[in-house]
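Everything below concerns the one structure shown next.
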Amino acid sequence: MDGDGAFSTAFQLIVSGDPTLMQIVSLSLRVTLTALIIACLIGLPLGAALAMARFPGRGAAVVLFNALMGLPPVVAGLVVYLMLSRAGPLGFLALLFTPTAMIIAQSVLITPIIVSLTRSVIEDLWAEYEDQLRSLGSSAMRAIPTLLWDGRFSLVTVILAGLGRAMAEVGAVLIVGGNIAGHTRTMTTAIALETARGDLALALGLGIILLTLTLILNAGAFVSGRVAQQQAA
Amino acid sequence: MTMHGTLSILPLKVSELRFAARGTELIKGISFSLGAGTRTVIMGPNGAGKSLTLRLCHGLLKPSGGIVGWAGPDASGAVKRHAMVFQRPVMLRRTARANLIHALSVAGVPRTDRKARADAALDYFGLTDLAERPARLLSGGEQQRLAIARAWALKPQVLFLDEPTSALDPAATKAIEEMIETIHADGVKIVMTTHDLGQARRLADDVLFLHNGRLLEQSPAETFFAEPKTEEARAFIRGELLW
Amino acid sequence: MNLIKTSTHRQMSMRLIKNAISATAALAIAASLAAQLAVSAGAQDDYITVASTTSTEQSGLFGHILPIFEEATGIEVRVIAQGTGQALETGRRGDADVVFVHAEPAEIQFVEEGYGVERFPVMYNDFIIVGPADDPAGLSGGRNAVAAFSAIAESEAAFASRGDDSGTHQAEQAIWAEAGIEPEGAWYREVGSGMGPTLNTAAEMPAYTLADRGTWISFENRRDLEIVVEGDDRLFNQYGVILVNPERHDHVKAEAGQAFIDWLISAEGQQAIGSYELRGEQLFFPNAAEQRS
């Protein structure tokens, strides 16, 4: 493996501002970040509710979401594929092989991560806050935003875990997106394609770019979290 | 009537109150009545059920038997007219002022009024300097003062305090006691637990003495300290019972 | 303080969960609708989806001919590169408008079952047997694929099979069948992936494998692999294109799909295919006219 070749390929791709690369990067970011936002809109409140609620079968729900964190991407992709296929129940939406399909698949994949990790964070917080919030007259629904906001510094890590999973994922987007050039080709599916073509230097170069992007997003979250934490404790 | 102008939720009539957890009865059928105006101190050794009694009255726990009866035509709405301060204050991860604003928001105070009422409460207790400080970075004493200001901002008719100074140094304890005096002077009913005999002597108008889940005495403070009726109370006052 | 969960608390919890779930569902629906709107707002309707094989996509053929077609017609072609078996399945499910594959018997069956309208031969290239330079089975320079496979099996030299029901895999199985060999044993490795990954694996092991010439020419990571057998008529590799039957799937873009097919077999399309070269070699040989006879 020619490591130097990969680094110089990555470097050349970046400095040349290769339009195909830019398009792939922007699609990757769009798909991943949209899926992350959807997963957070669903997962944060659901995770918090699961942390606070006591009902028969709660243990089973907790175990289920924990297990779904390990959902293999290809399985998530296959399920979404079968749902969105023309022969499937949602075929009329004509979403298969579109970026929307990839967003749905990634949302399916990372929502359980957000739910489970949020539940774990909020459970601890709720143990500390429950008496006080109930004393103030807070309903459980009203407590959800309070707890999410107060858990924000821990929840940043939760969200980053979801982001990492989505950024790194290839199996699901490949199946439901189809890796169509210029349309549903993302960083990871492009890496898979270049590997298949035996252009390992280009594949690794793309990998380096992807890793750099992930690093930048994480660093941004880390720094802004630090700043906010210093201001709000 | 109180300073807040609504119908009084007092007297609080508690009858045959029972509470059991995991098969063990911790409150064994106690009855008492709390009238307006006085400072009631609930005393007793550790495990007597003081804190449980406060929580049952405040509605944080559901009795396994008996009645917590608030007065007034709208007794079910009474929950919003009593507030509680805990032994260890729980402050949200935001500024001192934002903590008060959150409490007011939960209590249904219109958005436009919240900041003014929060600032008024901080000002009333001389806490204005802390308004912008992250609440969880304040000292224990400051946090407890903030917790009391937060409770006061809700304009309760009854303020429950559960061992409010047990984790504090003497200076902070004094500040808290002064706040309690101020709030009492405003016409708010004070119901607090303490294991600090000195504090009880300083603050109590009347005393509920609990022991082992039972109410052994309810009497005016003077009477209780001068002539305790039960052997347990005498031992407690002599400091012979574990707290 | 122990938290004691009372019945009212439980009811509250149930209500909480119900509310959270309905709020969640509403959010999810809203979010996906918004995402869909955002996409459909930006998408042109003038496109077709073509399920094709890794060999046509990864060799760069589509990259060469599609811009010419799109220029001429304004129809965007979105290619999903799969194995032939999977591509036909995609067509069966109605998830593509056109399938462009290379496994004649399977294509004929696809049309006979009513999933495709009509099969049009487009072009051919050929399969080759590639293997390590030290050639443990002694195949180098041979022209007989069946004899070569027999020699591989006899010497138990490592062989990497696609194992994915692709056109190449089906061609490989046909050769084993003709040789009367049921390939099994430690030497026979089913990779279960596309041509590229299979070549990567073969280069690494090293092993013999059957490859299509298009992928081989464009493949970068050959290492010690080289062509050991070529030129057998059995290694002929015909590509065909089929419109998915709009009577089965009424959303199929029959007009645009047929326009693509018509262009592929037209003089212009055939010329475009024939003009694609990589490293000075022509990868695919148009033969629509001859095969139509």
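Chains as they are written, first to last, in my numbering: chain L, 1 to 233; chain S, 1001 to 1243; chain F, 2001 to 2293. Where is the CB? At the ideal position from N, CA and C, for every residue including glycine. Please read these numbers as outputs of a predicted model, since none were measured by experiment.
- Below the 9 Å Cβ cutoff, chain F contributes no neighbours of N66 of chain L, its closest Cβ being approximately 17 Å away.
- For F97 of chain L, there is no enclosing alpha helix (DSSP H), as DSSP gives it neither H nor E.
- Cβ-Cβ separation between V2228 of chain F and D2135 of chain F: approximately 6 Å, consistent with a contact (criterion under 8 Å).
- Annotated three-state conformation of Q2271 of chain F is helix, per DSSP.
- Less than 9 Å separates the beta-carbon of V2122 of chain F from that of G2240 of chain F.
- Among the residues of chain F, those whose CB is under 9 Å from the CB of S85 of chain L are T2090, R2093, G2094 and D2095, following chain order.
- Taking a 10 Å sphere around the C-beta of V1090 of chain S, we find 16 or more other C-beta atoms and assign the residue as buried.
- With its beta carbon less than 9 Å from one in chain F, F97 of chain L belongs to the interface.
- Interface annotation, G88 of chain L: in contact with chain F, CB-CB separation under 9 Å.
- Between the alpha carbons of A1131 of chain S and R2078 of chain F lies a gap of roughly 60 Å.
- Among the residues of chain F, those whose CB is under 7 Å from the CB of G178 of chain L are I2080, following chain order.
- When beta bridges are read from the DSSP output, K1189 of chain S appears opposite S:V1158.
- Short of 8 Å from the beta carbon of V62 of chain L, and not among the five residues preceding or following it, lie these beta carbons of its own chain, in chain order: L50, S116 and R119.
- Counting only Cβ-Cβ distances below 8 Å, T2054 of chain F has contacts in chain L at A196, in chain order.
- With contact defined as three or more Cβ pairs closer than 8 Å, the region 171-186 of chain L and the region 99-114 of chain L are in contact.
- Taking 9 Å as the cut-off, the Cβ atoms of V1041 of chain S and L1208 of chain S count as close.
- Not flagged as an interface residue toward chain F: G205 of chain L, since no C-beta distance is shorter than 9 Å.
- Here A2158 of chain F has W2187, M2205 and A2207 as same chain residues with Cβ atoms under 6 Å from its own Cβ, once five neighbours each way along the sequence are excluded.
- Under the three-state reduction of DSSP output, D1119 of chain S falls in the helix class.
- Taken in chain order, the members of the region 2214-2227 of chain F whose beta-carbon sits within less than 9 Å of a beta-carbon on chain L are T2215, S2218, F2219, E2220, N2221 and R2222.
- DSSP places T1095 of chain S within a strand segment (E or B) once states are collapsed to three.
- Beta-bridge partners of N2125 of chain F (DSSP): F:N2237.
- Taking each of L:T9, L:I14, L:P89 and L:Q23 in turn and checking the Cα distance to T186 of chain L, the smallest one comes out for L:Q23.
- Note on geometry: alpha-carbon atoms of Q2238 of chain F and V74 of chain L lie some 31 Å from one another.
- The region 1059-1069 of chain S makes contact with the region 1015-1024 of chain S: 3 or more CB pairs, one atom from each, lie closer than 8 Å.
- In summary, the residues of the region 1091-1103 of chain S whose CB is separated from some CB of chain L by less than 8 Å are L1092, R1093, R1094, T1095, H1102 and A1103, in the order they occur in the chain.
- Where V2228 of chain F is concerned, the enclosing beta strand (DSSP E) starts and stops at L2225 to V2229.
- A distance below 7 Å between beta-carbons, with the five flanking residues on each side excluded, links Q229 of chain L to the following residues of its chain, in chain order: F153.
- For G5 of chain L and A2133 of chain F, the gap between their C-alpha atoms comes out near 25 Å.
- With respect to the C-alpha of T1128 of chain S, the residue from S:D1113, S:R1145 and S:I1180 having the closest C-alpha is S:R1145.
- Assignment of A2081 of chain F by DSSP, reduced to helix, strand and coil, places it in the strand class.
- For D1123 of chain S, the number of other beta carbons within 10 angstroms of its own is below 16, and it is reported as exposed.
- Secondary structure at T1194 of chain S: coil, using DSSP grouped into helix, strand and coil.
- Against chain L, the CB of M1084 of chain S has a partner CB under 9 Å away; the residue lies at that interface.
- Within its own chain, the residues whose Cβ lies closer than 8 Å to the Cβ of S1166 of chain S, once the five positions on either side in sequence are excluded, are Q1087, T1194, H1195 and D1196, listed in chain order.
- The alpha carbon of I2080 of chain F has as its nearest neighbour, out of F:T2073, F:T2090, F:N2200 and F:A2072, the alpha carbon of F:T2090.
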